[in-house]
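A.B. asks: Structure incoming, see below.
Number of protein chains: 2
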Amino acid sequence: MTDFNQQNISGQHFINGAWTSETTDFCSNNPVTNQALAFKFANASAEIVTNATAAAKQAFKQYRSIAPERRAAFLNTIADEIQADIEAITATAHLETGLPMARLQGETGRTCGQLRLFAANLINPIDNRYVDLANPERAPLPKPDTRLSTLPLGPVAVFGASNFPLAFSTAGGDTASALAAGCTVVVKGHPAHAATSELVCKAIERAANQCDMPAGVFNLVQGVTPEVSTQLVTDSAIRAVGFTGSLKVGRILADLCASRAEPIPFYGELGSTNPQFILPQLLEQQAQELASTQVQSMLMGHGQFCTSPGVIVAIKSDGLNQYKATLAQDIAAQSAASMLTSGIAATYQAQLETLIANPNIELIAQGESSPANHFTRPTALKVAANDFLASSEIQQEVFGPCAVLVECDDAAQMLLIAEQLEGQLTASVHGLEAELINNQTLIEAIAFNVGRIIFNQMPTGVEVCHSMNHGGPYPASTDSRTTSVGSAAMARFERPICYQNMPTSILPERVSVDAQGVKTF
Amino acid sequence: MTDFNQQNISGQHFINGAWTSETTDFCSNNPVTNQALAFKFANASAEIVTNATAAAKQAFKQYRSIAPERRAAFLNTIADEIQADIEAITATAHLETGLPMARLQGETGRTCGQLRLFAANLINPIDNRYVDLANPERAPLPKPDTRLSTLPLGPVAVFGASNFPLAFSTAGGDTASALAAGCTVVVKGHPAHAATSELVCKAIERAANQCDMPAGVFNLVQGVTPEVSTQLVTDSAIRAVGFTGSLKVGRILADLCASRAEPIPFYGELGSTNPQFILPQLLEQQAQELASTQVQSMLMGHGQFCTSPGVIVAIKSDGLNQYKATLAQDIAAQSAASMLTSGIAATYQAQLETLIANPNIELIAQGESSPANHFTRPTALKVAANDFLASSEIQQEVFGPCAVLVECDDAAQMLLIAEQLEGQLTASVHGLEAELINNQTLIEAIAFNVGRIIFNQMPTGVEVCHSMNHGGPYPASTDSRTTSVGSAAMARFERPICYQNMPTSILPERVSVDAQGVKTF
Numbered sequence: 001m002t003d004f005n006q007q008n009i010s011g012q013h014f015i016n017g018a019w020t021s022e023t024t025d026f027c028s029n030n031p032v033t034n035q036a037l038a039f040k041f042a043n044a045s046a047e048i049v050t051n052a053t054a055a056a057k058q059a060f061k062q063y064r065s066i067a068p069e070r071r072a073a074f075l076n077t078i079a080d081e082i083q084a085d086i087e088a089i090t091a092t093a094h095l096e097t098g099l100p101m102a103r104l105q106g107e108t109g110r111t112c113g114q115l116r117l118f119a120a121n122l123i124n125p126i127d128n129r130y131v132d133l134a135n136p137e138r139a140p141l142p143k144p145d146t147r148l149s150t151l152p153l154g155p156v157a158v159f160g161a162s163n164f165p166l167a168f169s170t171a172g173g174d175t176a177s178a179l180a181a182g183c184t185v186v187v188k189g190h191p192a193h194a195a196t197s198e199l200v201c202k203a204i205e206r207a208a209n210q211c212d213m214p215a216g217v218f219n220l221v222q223g224v225t226p227e228v229s230t231q232l233v234t235d236s237a238i239r240a241v242g243f244t245g246s247l248k249v250g251r252i253l254a255d256l257c258a259s260r261a262e263p264i265p266f267y268g269e270l271g272s273t274n275p276q277f278i279l280p281q282l283l284e285q286q287a288q289e290l291a292s293t294q295v296q297s298m299l300m301g302h303g304q305f306c307t308s309p310g311v312i313v314a315i316k317s318d319g320l321n322q323y324k325a326t327l328a329q330d331i332a333a334q335s336a337a338s339m340l341t342s343g344i345a346a347t348y349q350a351q352l353e354t355l356i357a358n359p360n361i362e363l364i365a366q367g368e369s370s371p372a373n374h375f376t377r378p379t380a381l382k383v384a385a386n387d388f389l390a391s392s393e394i395q396q397e398v399f400g401p402c403a404v405l406v407e408c409d410d411a412a413q414m415l416l417i418a419e420q421l422e423g424q425l426t427a428s429v430h431g432l433e434a435e436l437i438n439n440q441t442l443i444e445a446i447a448f449n450v451g452r453i454i455f456n457q458m459p460t461g462v463e464v465c466h467s468m469n470h471g472g473p474y475p476a477s478t479d480s481r482t483t484s485v486g487s488a489a490m491a492r493f494e495r496p497i498c499y500q501n502m503p504t505s506i507l508p509e510r511v512s513v514d515a516q517g518v519k520t521f
Numbered sequence: 001m002t003d004f005n006q007q008n009i010s011g012q013h014f015i016n017g018a019w020t021s022e023t024t025d026f027c028s029n030n031p032v033t034n035q036a037l038a039f040k041f042a043n044a045s046a047e048i049v050t051n052a053t054a055a056a057k058q059a060f061k062q063y064r065s066i067a068p069e070r071r072a073a074f075l076n077t078i079a080d081e082i083q084a085d086i087e088a089i090t091a092t093a094h095l096e097t098g099l100p101m102a103r104l105q106g107e108t109g110r111t112c113g114q115l116r117l118f119a120a121n122l123i124n125p126i127d128n129r130y131v132d133l134a135n136p137e138r139a140p141l142p143k144p145d146t147r148l149s150t151l152p153l154g155p156v157a158v159f160g161a162s163n164f165p166l167a168f169s170t171a172g173g174d175t176a177s178a179l180a181a182g183c184t185v186v187v188k189g190h191p192a193h194a195a196t197s198e199l200v201c202k203a204i205e206r207a208a209n210q211c212d213m214p215a216g217v218f219n220l221v222q223g224v225t226p227e228v229s230t231q232l233v234t235d236s237a238i239r240a241v242g243f244t245g246s247l248k249v250g251r252i253l254a255d256l257c258a259s260r261a262e263p264i265p266f267y268g269e270l271g272s273t274n275p276q277f278i279l280p281q282l283l284e285q286q287a288q289e290l291a292s293t294q295v296q297s298m299l300m301g302h303g304q305f306c307t308s309p310g311v312i313v314a315i316k317s318d319g320l321n322q323y324k325a326t327l328a329q330d331i332a333a334q335s336a337a338s339m340l341t342s343g344i345a346a347t348y349q350a351q352l353e354t355l356i357a358n359p360n361i362e363l364i365a366q367g368e369s370s371p372a373n374h375f376t377r378p379t380a381l382k383v384a385a386n387d388f389l390a391s392s393e394i395q396q397e398v399f400g401p402c403a404v405l406v407e408c409d410d411a412a413q414m415l416l417i418a419e420q421l422e423g424q425l426t427a428s429v430h431g432l433e434a435e436l437i438n439n440q441t442l443i444e445a446i447a448f449n450v451g452r453i454i455f456n457q458m459p460t461g462v463e464v465c466h467s468m469n470h471g472g473p474y475p476a477s478t479d480s481r482t483t484s485v486g487s488a489a490m491a492r493f494e495r496p497i498c499y500q501n502m503p504t505s506i507l508p509e510r511v512s513v514d515a516q517g518v519k520t521f
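From first to last, the protein sequence lines are chains A and B. At position 482 of the first sequence the residue is numbered 482 (UniProt numbering), and the sequence of numbers has no breaks. At position 509 of the second sequence the residue is numbered 509 (UniProt numbering), and the sequence of numbers has no breaks.
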């Protein structure tokens with residue numbers, strides 16, 4: 001692997017098209033060795049944050065009116081520039097996160113795919129726009145010509161996620177959809193992979209220069225103190241926020257956005273236990289396969305996916321006993337591994353300790369132990385349905401490779417769990433087609449508590465496409481009306497505008513009657 | 001006119017399909033005579049509010065799964081039943097609001113039109129749904145079948161507006177769009193027209209019975225104390241709120257919604273000054289006509305429209321002098337009249353007194369005075385652009401028949417006003433086509449601060465159609481991403497859901513590949 005060190009990384013902020021110069025305050029860490037890396041970064045001062053939002057505000061005046069085709073070219077060029085530097089980016093991300101190179105290469109591909117999807121949607125819009133033509137003859141009053149389009153909201157603050165250093169970070173889905181919508185962006189880089197953020201920012205910088213974008217279209221501030229975040233979301237120049245992270249931090253920032261003099265939308269994707277409901281007949285037929293698939297899914301990214309399946313719901317049976325046996329065997333064979341940060345590892349271990357000490361919980365199995373304190377063990381636990389329902393603690397997400405099997409006495413108990421679920425990003429139902437047909441009350445109850453309902457597949461792997469929804473009822477996300485993945489993610493950073501009786505000579509192209517996606521009435 | 005009295009009006013709440021029995025606490029008033037009417041109403045207790053939300057929650061479990069065609073029939077039947085009782089409804093509304101009968105008949109037609117528009121959209125959906133078909137051969141991972149649809153949010157609380165006793169009240173746009181979306185409803189009737197609310201509620205009751213809807217699909221609570229409102233929006237059963245009213249009350253309720261354990265969307269349409277920008281060449285040609293049209297528009301509903309044009313922006317010129325002369329003459333010829341409530345009249349008078357006392361403001365003209373204290377006089381004021389920009393007080397909405405003419409020295413000053421506008425529902429630009437083409441910077445600046453930009457027409461009269469947007473940047477509304485009028489209003493009460501790998505045998509009809517509005521990729 002290439003030897004990366006401070007000479008590749010400035011450790012500075014990128015504001016209004018230039019790298020700032022500030023003292024260095026913190027390092028990113030290698031979570032595998034649990035040692036600080038050689039990369040050193042500045043923690044953004046209040047002045048730096050103000051400069052960044054002011055740059056984004058100034059650039060918005062130009063960027064908002066740039067034609068969709070030019071925005072598309074910018075997004076595609078960002079993807080090109082990330083691909084051009086993929087070796088350094090993935091190697092750096094590997095140092096900072098410990099995630100395997102293959103995974104990081106895949107994630108880079110996904111990140112570029114997202115940028116290109118929004119670019120394609122700008123060139124061939126898939127959304128509808130509505131035009132109601134004038135009718136001057138209508139009585140008692142003539143009908144005016146009205147046309148419904150959208151405008152970008154303004155500068156957007158984006159918070160990089162710990163668990164996807166590329167796809168949900170600097171040039172991830174929030175940034176891509178905000179830029180596609182015509183918004184300028186200020187990213188707060190996640191301190192756990194600040195060097196990766198800087199390299200991706202440099203790819204965006206090169207793309208902005210090549211595409212002749214206004215300085216300030218994209219800005220990066222680095223920071224490790226909460227003040228950077230709170231100042232950013234309360235700055236009057238910022239008009240919307242994209243965030244992927246914990247419920248605790250997400251709620252603090254959401255509350256700040258709601259209490260501003262002029263409140264702004266806060267899009268927080270906060271996590272989920274992604275329950276797996278297994279129906280009895282399929283369980284009887286495929287117990288071993290279902291258990292092995294569960295373990296594979298919950299071990300992806302060592303359990304640090306938003307869509308990691310952390311709860312399994314099934315009814316007591318011979319099939320379930322077989323399932324548990326395979327689950328125990330497969331979990332026991334897993335290695336311990338580092339987490340994304342030593343902080344995440346410590347939280348996982350503390351949560352697990354509390355759960356294991358709970359008299360209502362039975363330990364099914366744990367993976368191999370490790371002498372390294374910051375390595376965590378995959379774990380499967382078991383709890384009776386009634387005890388699960390009675391304990392909000394057991395129902396909470398454990399961020400990491402842990403799953404709780406909830407044993408139900410009967411189908412009625414399973415339905416009760418479905419009805420009382422907290423909001424989830426996803427849930428899966430595993431069953432034979434005949435039993436799915438016979439369980440539509442259960443399926444409907446689940447659907448009303450999730451953003452994506454999946455049949456006979458695992459929740460890990462969020463397809464980037466037009467019909468994806470990655471979001472869900474609170475606390476899965478702070479705004480269940482929106483998705484952070486897929487074509488509809490762009491709508492988070494737009495608002496409607498109606499043009500009434502606007503002369504054709506000045507009408508925006510996208511609401512002309514022959515524009516693609518225009519429905520005329 | 002028929003003689004209506006308490007015998008037609010129970011004064012009670014309508015909960016879970018039945019009228020409650022409670023002591024009576026308040027009367028509605030005749031704002032013209034400024035006397036209490038014979039109608040007496042109960043103020044909802046905490047128990048009543050809880051019963052209403054519990055009924056809506058219980059009914060939601062059934063109503064959410066009722067087919068779109070049956071929901072459409074319900075909406076159409078509500079419209080039929082309102083039409084069937086139009087004489088009593090409009091006569092009662094006339095007593096309670098003082099609004100002219102012709103206006104109330106028109107508003108009833110509009111209310112029924114809205115219900116029928118949403119019904120039509122349920123039968124022939126105009127929105128898109130997206131389907132990405134499976135591709136089992138894709139490498140490295142197969143692509144699952146994903147389909148994006150929507151689900152209703154849950155029980156919705158609706159606050160009736162003072163200024164539209166029908167179109168924005170009991171069966172108004174919020175209720176119609178919530179019911180269309182599959183949400184059940186609890187309306188808090190506006191105390192200024194509580195009897196009208198009851199009659200409309202009875203029309204909904206008859207429709208619910210005829211269409212075999214679940215008891216609790218629609219509930220009405222009457223109330224005059226703030227506690228009724230605050231309890232309603234913080235009740236955990238309520239999942240979204242529709243509100244039309246003042247910034248002050250709207251913001252209080254919005255903050256309560258945001259601070260709940262589980263925050264919910266609050267859709268507040270809070271008002272606007274709807275600035276009229278008049279460009280010089282048109283002003284030169286049509287000064288008198290423009291001034292007369294301004295007065296007609298600002299006198300609609302005695303100035304109590306959300307879209308009343310309360311600010312006029314023009315550049316000093318001979319044309320403007322002519323405009324002012326006609327404005328003064330037309331305003332002086334207007335009669336004083338009662339407002340919707342004596343409270344609104346008092347607020348108008350107090351605001352006006354403060355403005356007239358402001359040394360930077362010049363009184364252009366006032367309408368005839370009246371011996372009745374609760375009658376208000378139409379008023380035109382004048383202020384220099386710099387003084388307008390410097391004073392947030394002068395920029396505030398005066399709810400009633402008042403407009404402030406802002407005199408600019410030049411086009412640069414007009415642009416400054418456009419750029420610094422607070423969020424507005426609408427603004428109009430009046431100009432010859434050639435000067436519109438030459439003022440696109442101005443037009444763009446205005447567009448970014450309004451929900452609807454209008455050319456050479458007045459803002460009063462909100463067309464109910466697919467392409468309408470009635471909403472705008474804060475403080476025009478609390479959620480600029482949504483509209484309270486037109487087809488898109490329904491989306492406020494829905495959220496997306498993705499169905500992944502769902503067997504065709506149980507897939508909802510509306511995401512089948514041959515359903516109307518489905519785009520397949």
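C-beta: ideal position from N, C-alpha, C; glycine also.
What does T426 (chain A) pair with, by DSSP beta-bridge criteria?
C.D. replies: Along the first sequence, read from residue 1 onward, the residue named residue 426 (chain A) stands at position 426. T426 (chain A) is bridged to A:R452.
A.B. asks: How many Å lie between Q516 (chain B) and G472 (chain A) at the Cα?
C.D. replies: By one-based count along the second sequence, residue 516 (chain B) stands at place 516. By one-based count along the first sequence, residue 472 (chain A) stands at place 472. Taking the straight line joining both Cα atoms gives about 26 Å.
A.B. asks: Quick test of your reading: L247 (chain A) and L232 (chain A), contact by CB under 8 Å. State the CB separation rounded to the nearest angstrom.
C.D. replies: Working through the first sequence from its first residue, we reach residue 247 (chain A) at position 247. Working through the first sequence from its first residue, we reach residue 232 (chain A) at position 232. With a Cβ gap of about 19 Å, L247 (chain A) and L232 (chain A) do not count as contacting.
A.B. asks: Between A:A215, A:G268, A:E96, which has its C-alpha nearest A240 (chain A)'s C-alpha?
C.D. replies: Looking up residue 240 (chain A) in the first sequence gives position 240. It is A:G268.
A.B. asks: Counting only beta-carbon atoms, is residue 528 (chain A) nearer than 7 Å to chain B?
C.D. replies: The shown model of chain A, from 1 to 521, leaves out residue 528 (chain A), and the question about it has no answer.
A.B. asks: What residues in the region 439-461 of chain A have a beta carbon less than 8 Å from any beta carbon of chain B?
C.D. replies: The region 439-461 of chain A vs chain B, Cβ under 8 Å: Q440, I443, E444, A447, F448, V450, G451, R452, I453, I454, F455, N456, Q457, G461.
A.B. asks: Can you give me the start and stop residues for the beta strand (DSSP E) that Y130 (chain B) sits inside?
C.D. replies: The count along the second sequence starts at 1 and reaches residue 130 (chain B) at position 130. Its beta strand (DSSP E) spans residues 129-132.
A.B. asks: With burial defined as no fewer than 16 other Cβ atoms inside 10 Å of the residue's Cβ, what is the status of I335 (chain B): buried or exposed?
C.D. replies: Residue 335 (chain B) sits at position 335 when you count from the first residue of the second sequence. With the sequence shown as reference, residue 335 (chain B) is identified as Ser, and Ile is not the correct amino acid for it. The residue is exposed, with fewer than 16 neighbouring Cβ atoms inside 10 Å.
A.B. asks: With three or more beta-carbon pairs closer than 8 Å as the criterion, would you say the region 416-428 of chain B touches the region 450-464 of chain B?
C.D. replies: Contact between the region 416-428 of chain B and the region 450-464 of chain B is present, because at least three Cβ pairs lie under 8 Å.
A.B. asks: For a test of the three-state rule: what should DSSP assign to V249 (chain A), helix, strand or coil?
C.D. replies: The residue you call residue 249 (chain A) lines up with position 249 of the first sequence. Residue state, collapsed to three classes: helix.
A.B. asks: Which residues in the same chain as L282 (chain B) place their Cβ atom closer than 6 Å to its Cβ, once the five residues preceding and following it in sequence are excluded?
C.D. replies: Counted from its first residue, the second sequence places residue 282 (chain B) at position 282. Only H430, G431, L432 meet the Cβ criterion.
A.B. asks: Report the three-state DSSP secondary structure of N8 (chain A) (helix, strand or coil).
C.D. replies: Residue mapping note: residue 8 (chain A) aligns to position 8 of the first sequence, counting from 1. Three-state result, N8 (chain A): helix.
A.B. asks: Hey, which unbroken runs of the beta strand (DSSP E) at 3 residues or more fall wholly within the region 342-430 of chain A?
C.D. replies: 361-366, 379-384, 402-408, 424-430, all fully within the region 342-430 of chain A.
A.B. asks: Please list the terminal residues of the continuous alpha helix (DSSP H) segment that includes A55 (chain B).
C.D. replies: Within the second sequence, numbered from 1, the residue matching residue 55 (chain B) stands at position 55. First-last of the alpha helix (DSSP H) with A55 (chain B): 46-63.
A.B. asks: Taking Cβ-Cβ distances shorter than 8 Å, what residues in chain B pair up with M502 (chain A)?
C.D. replies: Numbered from its first residue, the first sequence carries residue 502 (chain A) at position 502. Residues of chain B passing the Cβ test: I453, F455.
A.B. asks: Should the region 309-321 of chain B be regarded as contacting the region 409-416 of chain B, the criterion being three or more beta carbon pairs within less than 8 Å?
C.D. replies: Result yes; three or more Cβ-Cβ pairs closer than 8 Å.
A.B. asks: With DSSP run on the structure shown, which of helix, strand or coil describes S272 (chain A)?
C.D. replies: Taking the first residue of the first sequence as position 1, residue 272 (chain A) is located at position 272. Coil at S272 (chain A), not helix or strand.
A.B. asks: Given a limit of 9 Å on CB to CB distance, which residues of the region 112-133 of chain B reach chain A?
C.D. replies: Under the 9 Å Cβ criterion, the region 112-133 of chain B contributes I126, D127, N128, R129, Y130, V131, D132.
A.B. asks: Please determine if the region 11-21 of chain B and the region 202-221 of chain B are in contact, where contact requires at least 3 C-beta pairs separated by less than 8 Å.
C.D. replies: Yes, the region 11-21 of chain B touches the region 202-221 of chain B.
A.B. asks: For the alpha helix (DSSP H) that contains A207 (chain B), what are its first and last residues?
C.D. replies: Here residue 207 (chain B) refers to the residue found at position 207 when the second sequence is read from its first residue. A207 (chain B) -> alpha helix (DSSP H) spans 194-210.
A.B. asks: What in chain A is Cβ-close to I497 (chain B), meaning under 9 Å?
C.D. replies: Stepping through the second sequence from its first residue, residue 497 (chain B) is reached at position 497. Those within 9 Å of I497 (chain B) in chain A are A447, F448, V450, G451, R452, I453, N469, G472.
A.B. asks: In this structure, does DSSP put V217 (chain A) in helix, strand or coil?
C.D. replies: Against the first sequence, residue 217 (chain A) aligns to sequence position 217. V217 (chain A) falls in the coil class under three-state DSSP.
A.B. asks: Under 7 Å between beta-carbons, which chain A residues line up against K143 (chain B)? List them in chain order, please.
C.D. replies: For the purposes of this step, residue 143 (chain B) is identified with residue 143 of the second sequence, where counting begins at 1. Residues of chain A passing the Cβ test: E463.
A.B. asks: Please state whether the Cβ-Cβ distance between C201 (chain A) and P152 (chain A) is less than 7 Å.
C.D. replies: Locating residue 201 (chain A) in the first sequence gives position 201, where the first residue counts as 1. Locating residue 152 (chain A) in the first sequence gives position 152, where the first residue counts as 1. It is not a contact, given that the beta carbons lie outside the stated cut-off.
A.B. asks: Starting from S477 (chain A), trace the beta strand (DSSP E) both ways and give me its first and last residue.
C.D. replies: Taking the first sequence and counting its residues from 1, the one referred to as residue 477 (chain A) is at position 477. No beta strand (DSSP E) contains S477 (chain A), which DSSP labels as neither H nor E.
A.B. asks: I'd like to know whether the C-beta of F521 (chain A) is nearer than 7 Å to at least one C-beta of chain B.
C.D. replies: Numbered from 1 along the first sequence, position 521 holds the residue referred to as residue 521 (chain A). It does: the Cβ of F521 (chain A) has a partner Cβ on chain B nearer than 7 Å.
A.B. asks: List, from N- to C-terminal side, the beta strand (DSSP E) runs of 3 residues or more that fit wholly inside the region 70-132 of chain A.
C.D. replies: DSSP runs (the beta strand (DSSP E)) wholly in the region 70-132 of chain A: 129-132.
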